[in-house]
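Chemist:
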Amino acid sequence: MFPGTAGLPKGLTEQSLNDFGPRFGFAYQLDPKTVLRGGYGVSYIPTFGPGGTAAGAGFAVNTLMVTSIDGGLTPYNTLANPFPDGLDQPTGNRLGAMTGVGGAVTGQLRDVRRGYSQQWNLTVQREPWANWLFEAAWVGNHGARLTMSGRPLNILDNRYLSWGTQLLQQISNPFYGIITTGSLATRTITVRQLLLPHPQFTSVSGGSAYLGNSIYHAFTLKVEKRFSQGFSLLAAYAASKLIDDLQATGRPGAVSGTAVQDWQNLRAERSRSYQDLPQRLVITALWEIPYQPANRALRAIAGGWQLNGISTIHSGRSIALSATISNGGNRPNAVPGVRSKPSDQSLNHWFNIAAFAQPPAFTYGNVSRTLPDIHGPRFYNLDASLFKTFPISEQVKLQFRAEAFNLTNTPSFEVPDGRLASATFGMVTATMTPARTREIQLVLRLTF
Numbered sequence: 071m072f073p074g075t076a077g078l079p080k081g082l083t084e085q086s087l088n089d090f091g092p093r094f095g096f097a098y099q100l101d102p103k104t105v106l107r108g109g110y111g112v113s114y115i116p117t118f119g120p121g122g123t124a125a126g127a128g129f130a131v132n133t134l135m136v137t138s139i140d141g142g143l144t145p146y147n148t149l150a151n152p153f154p155d156g157l158d159q160p161t162g163n164r165l166g167a168m169t170g171v172g173g174a175v176t177g178q179l180r181d182v183r184r185g186y187s188q189q190w191n192l193t194v195q196r197e198p199w200a201n202w203l204f205e206a207a208w209v210g211n212h213g214a215r216l217t218m219s220g221r222p223l224n225i226l227d228n229r230y231l232s233w234g235t236q237l238l239q240q241i242s243n244p245f246y247g248i249i250t251t252g253s254l255a256t257r258t259i260t261v262r263q264l265l266l267p268h269p270q271f272t273s274v275s276g277g278s279a280y281l282g283n284s285i286y287h288a289f290t291l292k293v294e295k296r297f298s299q300g301f302s303l304l305a306a307y308a309a310s311k312l313i314d315d316l317q318a319t320g321r322p323g324a325v326s327g328t329a330v331q332d333w334q335n336l337r338a339e340r341s342r343s344y345q346d347l348p349q350r351l352v353i354t355a356l357w358e359i360p361y362q363p364a365n366r367a368l369r370a371i372a373g374g375w376q377l378n379g380i381s382t383i384h385s386g387r388s389i390a391l392s393a394t395i396s397n398g399g400n401r402p403n404a405v406p407g408v409r410s411k412p413s414d415q416s417l418n419h420w421f422n423i424a425a426f427a428q429p430p431a432f433t434y435g436n437v438s439r440t441l442p443d444i445h446g447p448r449f450y451n452l453d454a455s456l457f458k459t460f461p462i463s464e465q466v467k468l469q470f471r472a473e474a475f476n477l478t479n480t481p482s483f484e485v486p487d488g489r490l491a492s493a494t495f496g497m498v499t500a501t502m503t504p505a506r507t508r509e510i511q512l513v514l515r516l517t518f
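Going letter by letter, the sequence shown gives residues 71 to 518 in our numbering.
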């Protein structure tokens, strides 16, 4: 159906008139050094406009320019008259449901509703000593109706999977002579094609689908020493868990894609998120080195230096597995009684490959979208800098800086190969991109 026809409104999707987004917060002083804070809010997620192919069915057509008919020896159509036979005209909405028959079509489902996010926090702050602050918080977020791309509408009902290889048998094509181009114009067609909800199309996509959900809980702890006595410190720690049922882009050395396994059973997609980091610690510090020799010349060179550092440590990312299947998205089966986490974990044996098996043909694997008990290698990084400013005059200053990135030259590894059929299944074969090798740079800066 096209917008503006058959009594439909002109918009591509139905209007939403109940996007109510309340927000509130509070703060209460328990004693002169302790404060309790909290808040809750609902935010609506901007929708992706269903433009492009989702809105252009029947209204987009390309006219090809024939540059040569003899292999490029002589020009045929020229820039002076590139389309001598005229331009191909789009069909618009006059074909109705026959638009795109025999090929792939994309539209936009009308009944989509905007996604939203509920966020809340409860925080206790205490200042036990001057210039020191301790903060503990519970932070949560619940996302609903989140965007999931690539939703197919022309998929085989799961009850037919038990037919097995019968689905691939060729039978007489009822569309022969009606559909004149493409793979559906042949004399025979597969049983599977005729069992699809819309057998007259090779594929049907519903545009943007807002079916995803997420839930996030975290305990956070922050220790801050404000700058005093030549020293400051900020340490932030989070222990969290993020669960969702959303797709994500594959990473080098990991699964090349993370397609939905079964759009008819999205509950099977619920697992730890690809973005889940169970623990994360970041420490930043600044120290003005208190070395001030009595000798004026020595003090000008050796005194007044400042040392800075930032260190980041966090758990490895979630691991996704994939099994061999013709159209992608399937996962392995878990082998009963076999533990997936090995006792001798190493880069070449990150998880027990014997714990997973190829599912039988025409079935879905039962392994969760990401492994619940194993994450990839943890991440560690330390950046540091040492600098001093030399005053030359009242308005002219020379600053020297020595900066080191990844000072310890610690490699950061990707998650292990999760492809069941790969020779490196279960092995960590790549570092994160971009690669973080140790870099040291010396800088002189003159300001005036």
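Idealized CB from N, CA, C, for every residue including glycine.
Quick check: the stretch 196-216 against the stretch 100-110, are there 3 or more CB pairs under 8 Å?
Modeler: Result yes; three or more Cβ-Cβ pairs closer than 8 Å.
Chemist: With which residues is Asp314 paired in a DSSP beta bridge?
Modeler: DSSP output for Asp314 lists Ser284 and Ser341 as bridge partner(s).
Chemist: Among Gly407, Pro442, Asp414 and Asn476, whose alpha-carbon lies nearest the alpha-carbon of Ala427?
Modeler: Selected option, being the one with the closest Cα: Gly407.
Chemist: For Arg350, which beta-bridge partners are listed by DSSP?
Modeler: Arg350 pairs with Ala308 and His384.
Chemist: Check Ser232 in the structure and name its three-state DSSP category.
Modeler: In the structure shown, Ser232 sits in a helix (DSSP, three-state: H, G or I).
Chemist: Measure the beta-carbon distance from Gly185 to Ala214 and round it to whole angstroms, keeping in mind my assumption that it falls under 8 Å.
Modeler: Their Cβ separation, rounded to whole angstroms, is 6 Å, which keeps Gly185 and Ala214 in contact under 8 Å.
Chemist: Any idea if Leu231 is buried or exposed, counting beta-carbon neighbours within 10 angstroms, 16 or more meaning buried?
Modeler: So Leu231 ends up on the exposed side.
Chemist: Between the Cα of Asn132 and the Cα atoms of Gln376, Leu157, Gln239 and Leu514, which residue gives the shortest distance?
Modeler: The candidate whose alpha carbon is nearest that of Asn132 is Leu157.
Chemist: Within its chain, find whatever has a CB closer than 8 Å to the CB of Asp443; leave out the 5 residues flanking it on each side and keep chain order.
Modeler: Around Asp443: Ser410 and Lys411.
Chemist: Name the DSSP beta bridge partners of Tyr98, please?
Modeler: DSSP output for Tyr98 lists Leu106 as bridge partner(s).
Chemist: Count the other C-beta atoms from every protein chain shown that fall within 10 angstroms of the C-beta of Met218, then say buried if there are 16 or more, exposed otherwise.
Modeler: Flag for Met218 reads buried.
Chemist: Could you spell out where the alpha helix (DSSP H) holding Val261 opens and where it closes?
Modeler: Residues Val261 to Leu265.
Chemist: Please determine if the stretch 348-363 and the stretch 294-302 are in contact, where contact requires at least 3 C-beta pairs separated by less than 8 Å.
Modeler: Yes, they touch.
Chemist: Just verifying my parser: in three-state terms, what is the DSSP assignment at Arg515?
Modeler: DSSP places Arg515 in strand when its eight states are reduced to three.
Chemist: Quick one, which of Gly446, Ala329 and Leu281 has its alpha-carbon nearest Ala393's?
Modeler: Considering only alpha carbons, the answer is Ala329.
Chemist: Using DSSP's beta-bridge definition, name the partner residues of Glu473.
Modeler: Partner(s): Ser455 and Gln511.
Chemist: If contacts are defined as beta-carbon pairs under 8 Å, then Arg508 and Ala474 qualify, I think. What distance do you get, rounded to the angstrom?
Modeler: Contact flag correct, Cβ pair sits at about 7 Å.
Chemist: Taking Leu368 as part of the alpha helix (DSSP H), name the residues at either end of that continuous run.
Modeler: Element bounds for Leu368: Arg366 to Ala372.
Chemist: Tell me which residues share the same chain as Lys458 and place their Cβ nearer than 6 Å to its Cβ, disregarding the 5 neighbours each side in the sequence.
Modeler: Only Gly374, Trp375 and Phe470 meet the Cβ criterion.
Chemist: Quick one, are the C-beta atoms of Trp420 and Pro481 less than 8 Å apart?
Modeler: It is not a contact, given that the beta carbons lie outside the stated cut-off.
Chemist: Per DSSP, Gln299 forms a beta bridge with which residues?
Modeler: For Gln299, which the question treats as bridged, DSSP gives no partner whatsoever.
Chemist: Between which two residues does the beta strand (DSSP E) carrying Met218 extend?
Modeler: Trp202 to Met218 is the span of the beta strand (DSSP E), which, as asked, contains Met218.
Chemist: Grab me the residues of Gln465's own chain with a C-beta within less than 8 Å of its C-beta, minus the 5 sequence neighbours each way, in chain order.
Modeler: So the list reads Phe518, once near-sequence residues are dropped.
Chemist: So is the beta-carbon of Tyr230 under 7 Å away from any non-hydrogen atom of the ligand GTP?
Modeler: Looking for the ligand GTP in the displayed structure turns up nothing, as the structure carries no ligands at all.
Chemist: Under 8 Å, with one C-beta from each stretch per pair, do the stretch 432-446 and the stretch 359-375 reach the 3-pair mark?
Modeler: The stretch 432-446 is not in contact with the stretch 359-375.
Chemist: Where Val513 and Asn378 are concerned, what is the direct C-alpha to C-alpha distance, given to the nearest angstrom?
Modeler: Going by the C-alpha atoms only, they are around 15 Å apart.
Chemist: Based on DSSP bridge pairs, tell me the residues matched to Asn422.
Modeler: Paired residues: none, contrary to the question.
Chemist: Any idea what DSSP makes of Ser253, helix, strand or coil?
Modeler: DSSP places Ser253 in helix when its eight states are reduced to three.
Chemist: On the DSSP bridge assignment, give the partners of Pro222 in chain order.
Modeler: Answer is Ser275, bridged to Pro222.
Chemist: Could you pull out every residue in the same chain whose Cβ sits closer than 8 Å to the Cβ of Thr256, ignoring the five residues on either side in sequence?
Modeler: Result list for Thr256: Asn243 and Tyr246, in chain order.
Chemist: Given Ile285, which residues of its chain have a CB within under 6 Å of its CB, disregarding the five upstream and five downstream residues?
Modeler: So the qualifying residues of the chain are His212 and Ile313.
Chemist: Quick one, which of Pro429, Ile383, Asn228 and Leu281 has its alpha-carbon nearest Arg337's?
Modeler: Here the closest residue by C-alpha is Leu281.
Chemist: What first and last residue would you give for the beta strand (DSSP E) that runs through Arg196?
Modeler: Where Arg196 is concerned, the enclosing beta strand (DSSP E) stretches over Tyr186 to Arg196.
Chemist: What residue from Met135, Ala491, Ile115 and Phe483 has the CA that sits closest to Ala505's CA?
Modeler: Nearest of Met135, Ala491, Ile115 and Phe483 to Ala505, Cα basis: Phe483.
Chemist: Excluding sequence positions up to five away, which residues of its chain have a Cβ less than 7 Å from the Cβ of His287?
Modeler: Result list for His287: Gly210, Ser310 and Lys311, in chain order.
Chemist: What does a CB cutoff of less than 6 Å around Thr523 pick up in its chain, not counting 5 residues either side in sequence?
Modeler: With the chain running from 71 to 518 in the structure shown, residue 523 is simply not present.
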